[in-house]
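Undergrad: If you read the sequences in order, they're chains A and B.
Residue numbering for the first sequence follows this note's numbering, starting at 1 and increasing by one per position.
Residue numbering for the second sequence follows this note's numbering, starting at 1 and increasing by one per position.
Glycine included, each C-beta is placed from N, C-alpha and C at the ideal position.
Keep in mind the model is a prediction, meaning the values are calculated, not measured.
Structure provided below as structure tokens; questions to follow.
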Amino acid sequence: MQLSQVSAELGLDALATPEPNREVRGGYCSDLLSDVLAHAQPGDLWITHQRHLNVVAVAKLREAAGVVFVRGLRPAPEVIARAQAEGVNLLLAAHPAFETAGRLYALLHR
Amino acid sequence: MRGWRADLHIHSVLSPCASLAMSPARIVREARRAGLDLIAVCDHNAAENGRYARRLAAGEPVVLMGMEIQTSEEVEVLAYFADEEPALLLQGELHAFLPDIPCDPDLFGDQLVVDDGDEIVRRIDTLLLSPVGLALYDVVARVEDLGGVAVPAHVDRVPGGLLGVLGLFPEGEWPPAVEIAPWTSLADAYRTWPELRQRAILRSSDAHYPEEIGRAWTEFYVSDLTLDEVRRALHGRDGRRIQPGPAVKENR
């Protein structure tokens, strides 16, 4: 499913969507970037509380379909600007991580 | 220039996770036993017990003011100061950014300010073992503004270490030096994180119990034991440098 469709289905806010047609193949939940580097798969939509600028670099390195910040935790403008420049999609969920992941899982496996 | 033995990460009884035996007096005694020339008492988001250790030690060993700050990303950063005032000022600033979670001593342990006469001065009620609501970048900038030196603690550790949490070093010059966990060998650290080769490596005990003080150390090759000299050594400037001691055998 395309990122733009996932975003619409889950009611996410688009913070930066330079690559709206990216295919979402799965999901990964983690706030530890070393763990994401080691275990996330290309095409995963990465669900996290972590808002440091390194999120953009890690998402790009792991070829994540995008990053979803949960519980309305909005990253700083510089993070959004960097994501736009690096071609990394950033989305914002109003729901907590558990619910966001549950909804994504249901959507991808229905 | 000569080598001085330093252990710059020692918790006191002000850290809920540290032993009740870790009074400033005991820390100084154990540091002398371990042959340390330079120490820093680094409690979680608190610096207060360092002042008493300093008074007791009277230069033997030299005691830097310090603390271990937990940032909003949950990265732990060691901050070192030459003087009490900026360290205590920063402690006050950080406490305004701590979440309002009470410290239940049965769950977390006691958080005690203990003076140079082993008397309890006060108990801190807000849990210190929480991230302050300040980002890493802001914490480092504030430490440096106050004349201090900031070094990421046990970078290889998950959770709490900069590389464990953030995966890679942030952009920019900082940090010139990093602390690795007491039990991580240099070979393992370099294998996992090749980018560590560009940085000076500091090893300290992260002692929470008296017998752990000095179990890990770093040699500082400096002209004297001042914060300015420590800063030069961490940056590798003017011929100053550091050399970490061997890894501790057992993982705790």
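(1) Using a cut-off of 7 Å between C-beta atoms, extract the partners of L163 of chain B located in chain A.
(2) Helix, strand or coil: how does DSSP classify T184 of chain B here?
(3) Which value, in whole angstroms, describes the spacing of the CA atoms of L186 of chain B and P61 of chain B?
(4) State yes or no: is the beta carbon of L73 of chain A nearer than 8 Å to at least one beta carbon in chain B?
(5) Using alpha carbons as the reference points, say which of B:L234, B:A135 and B:M65 lies closest to L53 of chain A.
(6) With 16 other CB atoms within 10 Å as the buried threshold, where does L107 of chain B fall?
(7) Below 8 Å between beta carbons: does that hold for M22 of chain B and A47 of chain B?
(8) Could you list which residues in chain A have their beta carbon closer than 7 Å to that of V158 of chain B, in chain order?
(9) Please list the terminal residues of the continuous alpha helix (DSSP H) segment that includes H39 of chain A.
(10) Just confirm the distance between the C-beta atoms of A200 of chain B and G236 of chain B, as a whole number of angstroms; I'd bet it's less than 8 Å.
(11) Using Cβ-Cβ distances below 9 Å, what residues of the stretch 41-64 of chain A are close to chain B?
(12) To the nearest angstrom, how far is the alpha carbon of A53 of chain B from that of V24 of chain A?
(13) Using a Cβ-Cβ cut-off of less than 8 Å, give me the residues of the stretch 80-93 of chain A that come near chain B, in sequence order.
(14) Check whether chain A comes within 8 Å of L136 of chain B, counting only Cβ atoms and requiring the distance to be less than that.
(15) I need the DSSP call for I27 of chain B, collapsed to helix, strand or coil.
(16) Is it right to say A233 of chain B is buried, meaning 16 or more other beta carbons lie within 10 angstroms of its own, or is it exposed?
(17) Hey, how far is the Cα of D272 of chain B from the Cα of N49 of chain B?
TA: Considering the structure as presented:
(1) S34
(2) Under the three-state reduction of DSSP output, T184 of chain B falls in the coil class, being neither helix nor strand.
(3) 27 Å
(4) no
(5) B:A135
(6) A residue is called buried when at least 16 other Cβ atoms come within 10 angstroms of its Cβ; L107 of chain B does not meet this threshold and is exposed.
(7) Judged by their CB atoms, M22 of chain B and A47 of chain B are not nearer to each other than the 8 Å cut-off.
(8) L32 and S34
(9) L33 to H39
(10) 6 Å
(11) Q50, R51, H52, L53, N54, V55, A57, V58 and L61
(12) 56 Å
(13) none
(14) Against chain A, the CB of L136 of chain B has a partner CB under 8 Å away; the residue lies at that interface.
(15) helix
(16) Classification for A233 of chain B: buried.
(17) No statement about residue 272 of chain B is possible, as the shown extent of chain B runs from 1 to 252 and does not include it.
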